[in-house]
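Here the structure is laid out as structure tokens; the discussion comes afterwards.
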Amino acid sequence: TQLLEQSPQFLSIQEGENLTVYCNSSSVFSSLQWYRQEPGEGPVLLVTVVTGGEVKKLKRLTFQFGDARKDSSLHITAAQPGDTGLYLCAGPYYGGSQGNLIFGKGTKLSVKP
Amino acid sequence: EAGVAQSPRYKIIEKRQSVAFWCNPISGHATLYWYQQILGQGPKLLIQFQNNGVVDDSQLPKDRFSAERLKGVDSTLKIQPAKLEDSAVYLCASSLIRYTEAFFGQGTRLTVV
Chain U
2 TQLLEQSPQF LSIQEGENLT VYCNSSSVFS SLQWYRQEPG EGPVLLVTVV
52 TGGEVKKLKR LTFQFGDARK DSSLHITAAQ PGDTGLYLCA GPYYGGSQGN
102 LIFGKGTKLS VKP
Chain R
50 EAGVAQSPRY KIIEKRQSVA FWCNPISGHA TLYWYQQILG QGPKLLIQFQ
100 NNGVVDDSQL PKDRFSAERL KGVDSTLKIQ PAKLEDSAVY LCASSLIRYT
150 EAFFGQGTRL TVV
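Here the protein sequences line up with chains U and R, keeping their order.
Under our numbering, think of the first position of the first sequence as 2, with each following residue one higher.
Under our numbering, think of the first position of the second sequence as 50, with each following residue one higher.
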């Protein structure tokens with residue numbers, strides 16, 4: 002069972018288009034993190050959302066945490082080729098022994114010039 | 050600030066052979082994670098250390114995988130014997146406080162033939 006479901010799995014768009022990717026769970030998370038991973042590199046943190054309903058902006062990227070803290074979205078305005086990569090959401094999960102940081106499977110974004 | 054260092058970057062071995070990966074986390078980071086990432090998917094946690102103690106190893110295939118973190122700093126992950134399905138990127142990450150921003154190394158790409 003995947004605790005963090007990300008959709009869509011793949012997204013290919015033209016430069017200048019807008020897009021939204023989603024991260025959903027049936028569990029409540031105290032916080033969620035968004036990472037971007039480029040080929041051959043490790044994931045790099047973009048943002049952490051903590052409060053239900055919170056909206057954070059990072060240049061052309063807008064992140065939202067659901068009111069119930071079970072879901073999050075990432076919206077990119079006027080996508081550029083440099084936005085290409087694997088977008089991962091992650092959060093602390095306490096269902097096991099003492100908890101760990103778990104990841105979704107990611108959304109692979111390709112922005113064509 | 051130096052990042053998370055991992056070595057080797059690439060490794061090709063035959064099935065049933067053994068292999069070891071090394072990780073040097075960011076100085077002062079108490080939490081260290083090892084993740085396995087199959088091509089195109091999100092990272093799957095294998096083991097989490099807090100200082101030199103294991104917090105969670107529930108997803109570690111203990112019949113063939115082992116990991117240690119001596120003196121709460123460097124860590125090694127070993128696979129013995131390797132199987133074809135172990136082909137993946139092995140990522141090491143560290144964080145200052147558990148469940149906060151995880152800083153990743155570039156990973157080790159393992160190919161088992």
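Think of the CB as a built atom: it goes at the ideal place given N, C-alpha and C, for glycine as much as any other residue.
Would you call the CB atoms of residue i and residue j closer than 8 Å?
i, j, result
"residue 35(U)", "residue 20(U)", "no"
"residue 53(R)", "residue 131(R)", "no"
"residue 105(U)", "residue 5(U)", "yes"
"residue 88(U)", "residue 102(U)", "no"
"residue 83(R)", "residue 123(R)", "no"
"residue 7(U)", "residue 22(U)", "yes"
Going by Cα to Cα distance, which pick from the options is closest to residue i?
i, options, result
"residue 70(U)", "15(U), 91(U) and 39(U)", "91(U)"
"residue 60(U)", "77(U), 17(U), 29(U) and 73(U)", "77(U)"
"residue 113(R)", "51(R), 69(R), 155(R) and 77(R)", "69(R)"
"residue 73(U)", "85(U), 86(U), 12(U) and 52(U)", "52(U)"
"residue 99(R)", "154(R), 119(R), 160(R) and 138(R)", "119(R)"
"residue 84(U)", "9(U), 65(U) and 13(U)", "13(U)"
"residue 157(R)", "138(R), 108(R) and 93(R)", "138(R)"
"residue 75(R)", "104(R), 151(R), 56(R) and 161(R)", "151(R)"
"residue 31(U)", "162(R), 96(R) and 149(R)", "149(R)"
"residue 56(R)", "140(R), 103(R) and 128(R)", "140(R)"
"residue 82(U)", "25(U), 24(U), 114(U) and 43(U)", "114(U)"
"residue 45(U)", "104(R), 80(R) and 144(R)", "144(R)"
Taking DSSP as the reference, what is the three-state secondary structure of residue i?
i, result
"residue 64(R)", "coil"
"residue 109(U)", "strand"
"residue 83(U)", "helix"
"residue 58(U)", "strand"
"residue 134(R)", "helix"
"residue 71(U)", "coil"
"residue 50(U)", "strand"
"residue 161(R)", "strand"
"residue 5(U)", "coil"
"residue 33(U)", "strand"
Short of 9 Å Cβ to Cβ, which residues in the segment 24-58 of chain U face chain R? If you check each beta-carbon in the segment 24-58 of chain U against every beta-carbon of chain R, the ones closer than 9 Å belong to 31, 32, 34, 36, 38, 41, 42, 43, 44, 45, 46 and 49.
Could you give the uninterrupted runs of the beta strand (DSSP E) lying entirely in the segment 66-126 of chain R, keeping only those of 3 residues or more? Uninterrupted beta strand (DSSP E) stretches at least 3 residues long and entirely within the segment 66-126 of chain R occur at 68-73, 80-86, 93-99, 102-105 and 114-117, given in chain order.
Identify each residue in the segment 71-96 of chain R for which the Cβ-Cβ distance to at least one residue of chain U is less than 8 Å, and report them in chain order. Residues of the segment 71-96 of chain R with a Cβ closer than 8 Å to any Cβ of chain U, in chain order: 82, 84, 89, 90, 91, 92, 93 and 94.
Determine which residues of the segment 143-160 of chain R have a Cβ less than 7 Å from any Cβ of chain U, and write them out in chain order. Listed by position along the chain: 148, 150, 151, 153, 154, 155 and 156.
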